[in-house]
Amino acid sequence: MPQLALELAVVDACGAQTVASIPTAPAATTPPVHEATSEVAPVVASADAQKGVPTSRNLLEDSGEDRSNSTDGTNEQEIAQETPAEGVADSKGAVDIATVQKYWTTFQKSVRDKHASLPMTLEQGEITRVENGVVYVTVQFAFYAETINTGKNSELLSKLLSEVIGSKLVLVAEHAGSTESDPNVAALMDAFGGEVIA
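All residue numbers for the sequence shown refer to the numbering used here, where the first residue is 3 and numbers rise by one.
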């Protein structure tokens, strides 16, 4: 389903054209499946297991390593990195930029699970500062900033960032190539009463 203006224009432009059909080969037929006539032999423990040959399970038990918390082979450091942070705020109760940068990859993964196009805009952004619970991300294009700052996108991103970091935060995108600081561009905008879209 097209969502962007450019996608809609492409759909409109291509909608009047007919698409040539590609000839397809006839479907291949599969030979019939025959039922097995013999019974399957029961599974018996291997000779190595019966002789006491070390297995990976025996080696872990012999090493004294406690793997009771991990069933898939991940270690505790990897798990701690993926879980929400507890007490990440500094002594004033505010989250700093280092904390946000530490959990940024985990945040992007959670956004990727919830939304299709927002991860691309976040990958192009850079965390510039964190002030009073507001995380500022600078993006190259004004369209990206508008997309991130749109109501439902902003709410989703702020909610996910707060969940990952464990503290109430708001995500705000800023456009890096702001043309308002250029006096020539500002004069043109005043003269024509418009805005520059990058």
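Yeah, the Cβ is synthetic: ideal placement off N, Cα and C, and Gly gets one too. Please read all numbers here as calculations on a predicted model, not as lab measurements.
Going by alpha carbons, who is nearest to residue i out of the options?
| i | options | result |
| --- | --- | --- |
| Val102 | Asp115, Leu120 and Val136 | Val136 |
| Leu124 | His177, Gly168 and Ala100 | His177 |
| Phe145 | Ser169, Ile129 and Met122 | Met122 |
| Tyr138 | Thr149, Gly196 and Leu173 | Leu173 |
| Ile129 | His117, Thr152 and Asp98 | Asp98 |
| Val132 | Glu9, Leu171 and Tyr105 | Leu171 |
| Lys161 | Asp14, Lys116, Asn186 and Ala15 | Lys116 |
| Gly179 | Phe143, Val12, Cys16 and Ala15 | Phe143 |
| Glu165 | Ala118, Thr152 and Lys111 | Lys111 |
I'd like the span of the beta strand (DSSP E) that includes residue i, first residue to last.
| i | result |
| --- | --- |
| Ala175 | Val172 to His177 |
| Thr149 | Per DSSP, Thr149 belongs to no beta strand (DSSP E); it is in the alpha helix (DSSP H), Ala144 to Asn151. |
Where do the N-terminal and C-terminal ends of the alpha helix (DSSP H) with residue i fall, by residue?
| i | result |
| --- | --- |
| Val113 | Ile99 to Lys116 |
Would you say residue i and residue j are within 8 Å of each other, going by their C-beta atoms?
| i | j | result |
| --- | --- | --- |
| Ala147 | Ala188 | no |
| Gly127 | Val141 | yes |
| Leu158 | Phe109 | no |
With a cut-off of 8 Å on the beta carbons, I'd call residue i and residue j a contact; round off their distance for me.
| i | j | result |
| --- | --- | --- |
| Leu190 | Asn155 | Rounded, the Cβ-Cβ distance is 31 Å, inconsistent with contact. |
| Ile150 | Tyr105 | Contact doesn't hold; Cβ gap of about 18 Å is too wide. |
| Asn134 | Ala96 | 7 Å |
Within 8 Å of any Cβ in chain D, is that where the Cβ of residue i sits?
| i | result |
| --- | --- |
| Leu173 | The structure shown contains no chain D; it is built from a single protein chain. |
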